[in-house]
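Working notes, structure below.
Protein chains: 2
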Amino acid sequence: MAQDSIRQMALNARKAGLLLNALSNDRRNQALLAMGESIERNLPQIIAANKRDLQNAERANLNAPMLSRLRFDENKAARVIAGLAALATLPDPLGHVQYANELADGLRLYRVSCPIGVIGVIFESRPDALVQISSLCLKSGNAVLLKGGREAIETNQALFQAIAEGTAKAGLPDGWCHLLQSREDVASMLQQDDAIDLIIPRGSNSFVHHIMKTSSIPVLGHSEGICHVYVDQAADVAQAVNITVDSKAQNLSVCNAAETLLVHREIAPIFLPAVAQALRDKGIVLRGCPETRKFINCEAATEDDWHTEYLDAILSIKVVADIDEGISHINTYGSRHTDAILSQDAASIERFMTFVDSADVFANCSTRFADGFMYGFGAEVGIATGKIHARGPMGLEGLCTYKYKLYGQGHTMEALNAGAFMLTHRSIPDVDGV
Amino acid sequence: MAQDSIRQMALNARKAGLLLNALSNDRRNQALLAMGESIERNLPQIIAANKRDLQNAERANLNAPMLSRLRFDENKAARVIAGLAALATLPDPLGHVQYANELADGLRLYRVSCPIGVIGVIFESRPDALVQISSLCLKSGNAVLLKGGREAIETNQALFQAIAEGTAKAGLPDGWCHLLQSREDVASMLQQDDAIDLIIPRGSNSFVHHIMKTSSIPVLGHSEGICHVYVDQAADVAQAVNITVDSKAQNLSVCNAAETLLVHREIAPIFLPAVAQALRDKGIVLRGCPETRKFINCEAATEDDWHTEYLDAILSIKVVADIDEGISHINTYGSRHTDAILSQDAASIERFMTFVDSADVFANCSTRFADGFMYGFGAEVGIATGKIHARGPMGLEGLCTYKYKLYGQGHTMEALNAGAFMLTHRSIPDVDGV
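Taken in sequence, the protein lines are chains A and F.
FYI, the numbering for the first sequence is 1 to 434, going by our numbering.
FYI, the numbering for the second sequence is 435 to 868, going by our numbering.
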């Protein structure tokens, strides 16, 4: 697409976004259901398109996990459609009064949640992500520009058509959702800083970083998880073995899986042999620091290992002198995603929770719990790895901002200064929806 | 300063920030008071430094408002010191439990407010801003890199010394606050994306934009206010004249002053002559669209006027066919700061409040009320003109983020999947401070 057409898309999305913001929750929920019906109706074409993507991917020798992520069949469609119905039942994220204060007699201030406006999302080669992201944007009243992985290009096009058709029938404003095709489209999108309010890139650290460097639009990065498990001196060994194995091996290819194990040197002689055996039983390859290799046989870890998100059956292990060396390692090499301490000592736990500078800090449980559904949000946009706006597992709230609405009866600053009225700053109780 | 030393500053600030985050509210408040005492003790040197800045500014022919902003005398010092004492009495923004949920038996999740970490602030030539910003960062547990206007360089240096001395005595970690000297320093700072979490630039739209384009660190812009007053068909004319005059003329040089007046054409024949007289009595020069000039004598407005924040005794005026043309003008030319509708019609007010895409949308009161102190926040960092993280008048909350703390008792995903325990998602009532 030419740069002009991306500009036009963004401007159309801006217009549509302003209209979406005024639609009732019922109307948005009806559109979510219509989206699901349209996917159901268009399923033969979508699956045919997916077969073409899969054939191309096989010709390009994509590996089995990639092919499995790319596949969009009846089962995945059913899950996606059920997800849309579930999203429609979640509470409206818009119109919440977050702060209500009577500044003076008859001068009432309300801070009310509202959509951000127009969001550009760049996501990986999972076609179901297209449905998930566009539906989350719709539920939160945002217009959206979507760019999926190029391996899924035909499936994405077919899904996008179905979504556009379904939501048009449900009366959504034209242009609320757009699909981009190429890297050049993304480059153009990143320049539309007057028409797009937020970019959400999902992918590797270096990809997210590239987007941040390229765009002057605010970016909410969803990048990799270099997650740590720190086993304290005061850990329960059997429990620590269990949690370490779960954090690493329960699912290898997710961002909340552990990549590095840090072990207090006082517990290393007992813990390391036990955990090594349990991890090897799950097929995990170990790479250890010199100290680690005094207690177990394994490959030598290099500096690179501490920086690496394997997403694979590999775990790096380092023995540390004390909890502070563990915390410092995490703050140096981690990606501020999720890190856990395993300890029965309350003071150590609090020290870890305070000083580890990550979105999710866990005590005595698996890193795998870092997830929006687990947290009770009902829906998840992803896991934000920055500190601004939204941090960690991000629900619908992360797709909203707020505005201040101030209602007066002729109030002026001149009159306030002249003593004609006084500031009272009385909290207004129990308001929801203005 | 060499780029190396800015790098070192940022890394020192990162270390200090992690320590600050663990200081109690009492310790932070004591440091705020120590800051005030040290400014008091060092006042002769600070005022002498300010005299040198003022002499240089006079030689450079700075205008009177600029000189007045630059001046730092006993009166300003007294106000600044009182401000520090007031800040110390505000509630702690840290450690608030924003969400507490028992995910399963014995698996408790808390979302707790915490400092962002390291913040870089670039601010205008008002030396009191240096004290204000550093104290807000301290209260919220953040380390800070400061860059003030170059006209205030000597005063800033003297104030910074006093702050560093006072807070060191109060036991704050070394390196929690740094002062940058030059534009090159700023350029280096913008590259430290692994050590600085947020940049807050205060200044013109183009300046804020430049920072956003240059840095890959998240930016919270505090840029200009192109604020509008829209006078609806159903306005009370006398009240509308009052509010328009207050919004424009009560203080010319502030970002929440009105720059453009939009008038519904049905009310223009009555309203325009009345408001023109009242504005001229205050010395305001008017620039009107062709339609406006049918009702009052004034200069012709050009396209440029709609884009301009005058910060001066000038007001541009446009007659619009209906409320939607008014809203559309604001969304096209405004800076998403503060815009007011003057109307006695509830439906028009709601339409305006919903569709104007600004941080502050007001009905029947002066735009001058867009202010953190007015809003009851006790302190103001500035007025954020973006939509992400913090929007509109920004209090201490805007300098905070949150982290998720999850406390378990050996919980693993494997056990959950095996049915060994179940998700319960029970809200944990009435927690504050974990």
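Just so you know, even glycine gets a beta-carbon here, dropped at the ideal spot from N, CA and C.
Source: prediction; values computed, not measured.
- In its chain, beyond the 5 residues on either side, ILE701, ILE704, PHE705 and ALA708 have a beta carbon closer than 8 angstroms to the beta carbon of VAL671(F).
- Interface criterion met: the Cβ of TYR841(F) is under 9 angstroms from a Cβ in chain A.
- Nearest to GLY842(F) by alpha-carbon distance, out of PHE373(A), MET413(A) and LEU342(A), is LEU342(A).
- In the three-state reduction of the DSSP assignment, HIS644(F) falls in the helix class.
- With a minimum length of 4 residues, the unbroken runs of alpha helix (DSSP H) contained wholly in the segment 220 to 263 of chain A fall at 237 to 249.
- Residue range 826 to 828 is occupied by the beta strand (DSSP E) that includes MET828(F), with no alpha helix (DSSP H) assigned at that position.
- Contacts with chain F (Cβ-Cβ distance below 7 angstroms) from the segment 238 to 259 of chain A involve GLN239, ASN242, ILE243, ASP246 and GLN250, listed in chain order.
- Looking only at LEU32(A), TYR230(A), GLY378(A) and PHE369(A), the smallest Cα-Cα distance to VAL254(A) is reached by PHE369(A).
- Counting only unbroken stretches of 3 or more residues, the beta strand (DSSP E) elements lying wholly within the segment 703 to 752 of chain F are 719 to 722, in sequence order.
- With respect to ALA359(A), HIS337(A) sits close: the two C-beta atoms are nearer than 9 angstroms.
- The C-beta of THR401(A) comes closer than 9 angstroms to at least one C-beta of chain F.
- Residue range 834 to 845 is occupied by the beta strand (DSSP E) that includes GLN843(F).
- What SER800(F) touches in chain A, judged by beta-carbon distance under 7 angstroms, is HIS411, THR412 and MET413, going in chain order.
- Interface annotation, VAL381(A): not in contact with chain F, CB-CB separation never under 9 angstroms.
- Residue contact with chain F for SER216(A): present (Cβ-Cβ distance below 9 angstroms to some residue of chain F).
- If you draw a straight line from the Cα of GLU397(A) to the Cα of SER223(A), it is about 19 angstroms long.
- Given a length threshold of 3 residues, each whole run of the beta strand (DSSP E) inside the segment 131 to 174 of chain A is given here in chain order: 143 to 147.
- In the three-state scheme derived from DSSP, where H, G and I count as helix and E and B as strand, THR332(A) is classed as helix.
- With the criterion set as a beta carbon lying under 9 angstroms from some beta carbon of chain F, the segment 259 to 271 of chain A has no members that meet it.
- Using a C-beta cut-off of 8 angstroms, the segment 73 to 90 of chain A makes contact with the segment 124 to 134 of chain A, since at least three inter-stretch Cβ pairs fall below that distance.
- Residue range 74 to 89 is occupied by the alpha helix (DSSP H) that includes GLY83(A).
- Neighbours of ASN101(A) across chain F, judged by C-beta separation under 8 angstroms: TYR809 and GLY810.
- Using a CB distance cut-off of 9 angstroms, ASP791(F) counts as an interface residue toward chain A.
- Closest in C-alpha terms to GLY166(A), from the list ASP193(A), ASP357(A), ARG150(A) and SER134(A), comes SER134(A).
- Residue pairing by DSSP places TYR375(A) opposite no residue, since no beta bridge is assigned to it.
- In the DSSP assignment, ASN535(F) is bridged to LEU543(F) and SER861(F).
- Shown in chain order are the members of the segment 816 to 829 of chain F whose Cβ falls below 8 angstroms from a Cβ of chain A: GLY820, LYS821, ILE822, HIS823, ARG825, GLY826 and PRO827.
- Separation of the CB atoms of GLY609(F) and ALA450(F) is rounded to 4 angstroms, and the pair is thereby assigned contact status at 8 angstroms.
- LYS647(F) reaches chain A at SER216, counting residues in chain order whose Cβ is nearer than 7 angstroms.
- In chain order, TYR404, LYS405, LEU406, TYR407 and GLY408 make up the part of chain A whose C-beta sits under 9 angstroms from the C-beta of PHE796(F).
- The continuous beta strand (DSSP E) containing ILE122(A) extends over residues 118 to 122.
- For chain F, the residues of the segment 110 to 129 of chain A that bring a beta carbon within less than 7 angstroms of one of its beta carbons are ILE116 and GLY117, in chain order.
- ALA415(A) sits in a helix when the DSSP states are folded into three classes.
- For PRO652(F), the secondary structure class from DSSP, reduced to helix, strand or coil, is coil.
- Cβ neighbours of ASP197(A) within its own chain (closer than 6 angstroms, five residues either side excluded): ILE116, GLY117 and VAL118.
- The three-state reading of DSSP puts PHE362(A) in strand, counting E and B together.
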